[in-house]
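Residue numbers (our numbering): 0 to 353.
Just so you know, even glycine gets a beta-carbon here, dropped at the ideal spot from N, CA and C.
Worksheet for the structure shown next.
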Amino acid sequence: MIYAVIMSGGLGSRFWPKSRKGLPKQFLKIIGQKTMIENTVDRISTIIPRENIYVVTNQNYVGIIKKLLGIDNKNIFKEPLNKETASCIGLAAVKLLKKDFEATMVVLPSDHLIIGQEDFEQTIKRAVEVAQDGDYLVTMGVTPTRPEIGYGYIEVGDRVQDDIFRVKRFIEKPNLDVATSFLEKGNFLWNSGMFVWRADRLLREIKKYLPDLYKNLMRIYEYIGTEDEEKVIREEYEKIDGISIDFGVMQRTHRAVVIPTNFVWDDIGSFTSLERFLSKDENGNIIQNCEAAVMDVKNTTIMGDKRLVAAIGIRDMLIIDTDDVILVCPKDRAQSIKDLVKKISSSEEFEKFI
Numbered sequence: 000m001i002y003a004v005i006m007s008g009g010l011g012s013r014f015w016p017k018s019r020k021g022l023p024k025q026f027l028k029i030i031g032q033k034t035m036i037e038n039t040v041d042r043i044s045t046i047i048p049r050e051n052i053y054v055v056t057n058q059n060y061v062g063i064i065k066k067l068l069g070i071d072n073k074n075i076f077k078e079p080l081n082k083e084t085a086s087c088i089g090l091a092a093v094k095l096l097k098k099d100f101e102a103t104m105v106v107l108p109s110d111h112l113i114i115g116q117e118d119f120e121q122t123i124k125r126a127v128e129v130a131q132d133g134d135y136l137v138t139m140g141v142t143p144t145r146p147e148i149g150y151g152y153i154e155v156g157d158r159v160q161d162d163i164f165r166v167k168r169f170i171e172k173p174n175l176d177v178a179t180s181f182l183e184k185g186n187f188l189w190n191s192g193m194f195v196w197r198a199d200r201l202l203r204e205i206k207k208y209l210p211d212l213y214k215n216l217m218r219i220y221e222y223i224g225t226e227d228e229e230k231v232i233r234e235e236y237e238k239i240d241g242i243s244i245d246f247g248v249m250q251r252t253h254r255a256v257v258i259p260t261n262f263v264w265d266d267i268g269s270f271t272s273l274e275r276f277l278s279k280d281e282n283g284n285i286i287q288n289c290e291a292a293v294m295d296v297k298n299t300t301i302m303g304d305k306r307l308v309a310a311i312g313i314r315d316m317l318i319i320d321t322d323d324v325i326l327v328c329p330k331d332r333a334q335s336i337k338d339l340v341k342k343i344s345s346s347e348e349f350e351k352f353i
């Protein structure tokens with residue numbers, strides 16, 4: 000059986016102060032009339048029935064997920080701590096393996112934008128076919144259209160089949176010069192964070208490359224369905240050293256392959272990414288969810304809440320207004336918002352604003 004696993008525990012800190020601990024990015028209506036996670040579920044539910052769609056999240060978000068998606072408790076896998084994607088996906092793998100030894104997992108982030116439903120469906124179906132028949136761990140890569148410093152990259156290796164290539168390596172978010180060279184070389188794809196594999200085969204690779212995590216997951220596996228399940232999950236999570244699935248497994252395994260995609264993809268990772276999808280006024284300004292009085296303002300994004308936002312004589316800025324925080328930032332420093340959030344988080348005085 001095929002199951003969708005939607006990862007929904009992130010904080011979306013580059014989208015602060017709109018994205019907060021209490022209501023992170025995946026639960027916001029950023030583009031369109033639905034939240035990011037609702038759009039993700041709608042997108043995959045044309046292929047996988049809703050009863051086979053699972054969400055991995057933390058306890059704090061269970062209520063809002065049930066309200067938004069209308070899914071049962073059994074379809075929500077709760078993490079007691081955030082320990083990166085290897086443990087998140089590993090937990091889902093052992094949970095699904097307990098009910099279905101031949102479970103195939105389609106792993107999706109909850110907060111990405113995809114345009115091109117038919118191409119998306121075809122890519123997922125092809126990835127499932129490759130994962131089931133070829134004993135591969137499949138990821139999907141997006142052909143770059145610009146030198147993007149906000150995304151990770153995949154270096155493409157040898158061709159396995161017509162549309163399937165080996166993964167040579169994963170690269171963390173590069174600087175502009177490196178991103179430009181990737182674009183020029185032509186054998187690099189954006190890392191979409193989407194994966195397809197059989198649960199048992201993923202766990203086999205975790206055992207090989209992350210043996211300590213495998214031991215944690217196997218102890219959890221033993222207690223699934225018992226009254227001690229949640230207690231054991233917490234005990235094991237406290238022992239886990241967090242690592243991403245990309246660098247923990249996919250970078251090391253010889254079974255990793257990538258399918259280049261044809262659909263439009265964006266992780267909507269920062270406020271500047273909205274420029275690609277939201278309409279602008281005659282001066283290149285984006286004004287969303289607020290009244291704005293502007294004079295001699297150009298190429299500026301203003302997102303508000305209830306108050307009038309007024310600005311004079313500024314260029315290439317972000318003004319993000321919420322009930323309790325106002326962020327003012329040059330667009331070319333948008334990637335630094337995450338660093339600012341870390342700084343604020345370390346302050347007892349300001350931590351409440353995260």
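How many angstroms separate the CA atom of residue i from the CA atom of residue j?
i      : j      : result
Pro259 : Leu175 : 22 Å
Val105 : Glu128 : 12 Å
Phe100 : Asp199 : 7 Å
Asp240 : Gln58  : 20 Å
Gly115 : Lys238 : 41 Å
Lys17  : Ile319 : 8 Å
Asn38  : Lys65  : 15 Å
Asp41  : Lys342 : 36 Å
Pro210 : Asp295 : 59 Å
Pro143 : Leu188 : 6 Å
Lys337 : Asn284 : 23 Å
Asn51  : Tyr2   : 5 Å
Lys206 : Tyr213 : 5 Å
Pro23  : Glu350 : 15 Å
Thr321 : Ser345 : 21 Å
Gly133 : Pro329 : 48 Å
Thr45  : Phe119 : 10 Å
Ser243 : Ile123 : 22 Å
Gly156 : Lys184 : 13 Å
Phe276 : Phe76  : 32 Å
Thr56  : Leu27  : 16 Å
Lys97  : Glu348 : 45 Å
Leu326 : Thr300 : 11 Å
Ile63  : Val308 : 30 Å
Gly140 : Ile148 : 16 Å
Tyr150 : Lys20  : 22 Å
Thr103 : Asn74  : 16 Å
Leu182 : Thr34  : 32 Å
Glu228 : Leu202 : 19 Å
Glu83  : Ile36  : 19 Å
Name, in chain order, the residues that DSSP records as bridge partners for residue i.
i      : result
Trp196 : Met104
Pro48  : Paired residues: none, contrary to the question.
Thr300 : Ile285, Leu317
Thr56  : Lys77
Cys328 : Leu317
Val263 : Ile114
Val166 : Val155
Trp189 : Val141, Tyr152
Starting from residue i, trace the beta strand (DSSP E) in both directions and tell me its first and last residue.
i      : result
Pro259 : 255-260
Val296 : That residue, Val296, is in no beta strand (DSSP E); it is neither H nor E in DSSP.
Met6   : 1-6
Ala310 : 308-311
Have a look at the options and flag the residue whose alpha-carbon is nearest the alpha-carbon of residue i.
i      : options                        : result
Gly89  : Phe194, Asp320, Asp323, Glu348 : Phe194
His111 : Ile29, Leu96, Glu348           : Ile29
Phe246 : Arg19, Glu171, Val296, Leu273  : Glu171
Ala292 : Ile313, Ser278, Val256         : Ile313
His253 : Ile353, Ser243, Thr138, Arg165 : Arg165
Met217 : Val55, Lys20, Ala92            : Ala92
Thr179 : Phe169, Leu277, Pro146, Asn190 : Pro146
Pro48  : Gly31, Thr34, Ile70, Ile63     : Ile70
Leu137 : Leu95, Ile36, Lys351, Gly192   : The amino acid at residue 137 is misidentified as Leu; the sequence shows Val. Val137 has its Cα closest to that of Gly192, out of Leu95, Ile36, Lys351, Gly192.
Ala255 : Lys351, Trp196, Ala310         : Trp196
Met6   : Arg168, Gly149, Tyr53          : Tyr53
Leu95  : Leu326, Gly224, Val340, Val263 : Gly224
Phe270 : Glu290, Leu307, Ala309, Asp315 : Asp315
Arg306 : Asn288, Phe14, Glu204, Ile219  : Asn288
Glu234 : Asn215, Glu348, Gly8           : Asn215
Pro79  : Val248, Asp304, Lys230, Gly303 : Lys230
Ile163 : Met0, Leu182, Arg125           : Arg125
Glu154 : Asn298, Glu281, Asn186         : Asn186
Quick one: give me the first and last residue of the alpha helix (DSSP H) that residue i is part of.
i      : result
Glu237 : Per DSSP, Glu237 belongs to no alpha helix (DSSP H) and is neither H nor E.
Val340 : 336-344
Glu171 : No alpha helix (DSSP H) contains Glu171, which DSSP labels as neither H nor E.
Ala92  : 83-98
Arg13  : Neither: Arg13 is in no alpha helix (DSSP H) and is coded neither H nor E.
Asn215 : 210-222
Thr39  : 35-43
Val61  : 61-68
Comparing the CB of residue i with every heavy atom of the ligand MN, is any distance shorter than 7 Å?
i     : result
Ile30 : Summarising the ligand content, the structure contains no ligands, and the ligand MN is consequently not present.
Task: Ranges of the beta strand (DSSP E) found wholly within the region 104-162, counting only runs of at least 3 - done: 112-114, 136-141, 152-160
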